[in-house]
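So for the sequence shown, the numbering used here puts the first residue at 683; every next one is plus one. Here is the structure we will look at, set down as structure tokens.
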Amino acid sequence: MGTTLKLNELESTFEALEYPVTKAEAAGAFEATTLVLADGERNLGSLLGAAQEERYESAGGLEAALHNVLPREAVGEPFQSEG
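Okay, structure coming up:
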């Protein structure tokens, strides 16, 4: 059984990884994790696998890369924050 996360839980979850981490390692670590978004659910491992960078030096870099592959609708209404 996998894990379910919301966007506001990613920072602490990503901080648990050992850095630097490759895209493949990050995607593999979260292959059984579901990310709950404003427009539905997505597999976190698949999203990370779609990122352009091949290596991440920090949790912040990994989170930024994830946000770059999310469609705008996935994070809710513009200028709104529900966490």
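Virtual Cβ for every residue (Gly too), placed ideally from N, Cα, C.
Fill in: Chain-order list of residues whose beta-carbon lies under 8 Å from that of F761 (same chain, five-residue window excluded)
Any reading at F761 is ruled out, since the residue's pLDDT is 49, under 50, leaving its predicted position unreliable.
Practice prompt. Identify, in the order they occur along the chain, each residue of the same chain with its Cβ nearer than 8 Å to the Cβ of E729, setting aside the five sequence neighbours on each side.
Written response: For the record, residue 729 in the displayed sequence is Leu; it is not Glu. Setting aside the 5 residues that flank it on each side, L729 is surrounded in the same chain by L717, L748, V751, L752, each with a C-beta closer than 8 Å to its C-beta; the list follows chain order.
Fill in: Environment of A706 [buried if 16+ CB atoms lie within 10 Å]
Counting Cβ neighbours within 10 Å, A706 comes out exposed, since fewer than 16 surround it.
Worksheet item: DSSP state of G684, grouped into three classes?
Response: G684: coil per DSSP, three-state reduction.
Fill in: Cut-off 6 Å between Cβ atoms - residues of its own chain near T685, not counting five sequence neighbours on either side
In chain order, T715 place their CB closer than 6 Å to the CB of T685, counting only its own chain and leaving out the 5 sequence neighbours on each side.
Worksheet item: Can the beta-carbon of V736 be found less than 8 Å from the beta-carbon of T704?
Response: According to the sequence as given, residue 736 is Glu; it is not Val. Yes, they are a contact pair.
Worksheet item: According to DSSP, what are the bridge partners of T716?
Response: T686, N725
Worksheet item: Going by C-alpha distance, which of A708, Y738, A732, L719 is nearest N690?
Response: L719
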